[in-house]
Amino acid sequence: MRVVVQRATSASVTVEGEVVGSLPGPGLVVLVGVTHDDTEADAARLADKVWTLRILADERSAEQEGAPLLVVSQFTLYADTRKGRRPSWNAAAPRPVSEPLVEAFVAALRARGAHVETGVFGAMMQVALVNDGPMTLVLDTDS
């Protein structure tokens, strides 16, 4: 599992012209990609890591600040661009594997007390955000 965490002052995700999720205040935008051998334990471990990362003002975490999170599934995090000009998506898990694990990631955050909004799995989404800092981190299951 791979996540890209961005500290944001504002963010939203739109599907077919309708905002389906947004940050109600400053928080984190989390893009989530899943590969074939990921598990619910991986999702829970990364959710805990994201929730407790001390990347907000004064080295505080989203947990400490009660900061909201906007979670968006993004299979393109597993693109392989080593050959040619067309990315390969072979490392990205198919929907029957990835969708439940993205949902498990969101559920794990909510179980920890996080306010989480989401995009729509598999939809064409437009994500808008104001990256604060900028602060962007990439975490993998081995992070």
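Position 3 (the sequence shown) corresponds to 6 in the numbering used here; numbering is contiguous.
For glycine and all other residues, C-beta sits at the position ideal for the given N, C-alpha and C.
Judged by pairs of C-beta atoms under 8 Å, the segment 84 to 96 does not touch the segment 122 to 142, as fewer than three such pairs exist. Here the C-alpha atom of E21 lies approximately 10 Å from the C-alpha atom of S15.
Taking the Cα of S64 as reference, the smallest distance to any Cα among K52, A96, L73, E19 is reached at K52. Annotation for D45: no beta strand (DSSP E) segment contains it, though the alpha helix (DSSP H) segment containing it runs 43 to 55. Around the beta carbon of E120, a 10 Å sphere encloses 16 or more other beta carbons of the protein chains shown; the residue is thus reported as buried.
In this structure, the CA atom of M127 is about 15 Å from the CA atom of V35. By the Cβ-count criterion, G122 is buried, with 16 or more other Cβ atoms from all chains shown falling within 10 Å of its own Cβ. Note on T38: 16 or more other CB atoms within 10 angstroms of its CB, so buried under the neighbour-count rule. Counting the other CB atoms within 10 Å of its CB gives R10 a total of 16 or more, which places it among the buried residues.
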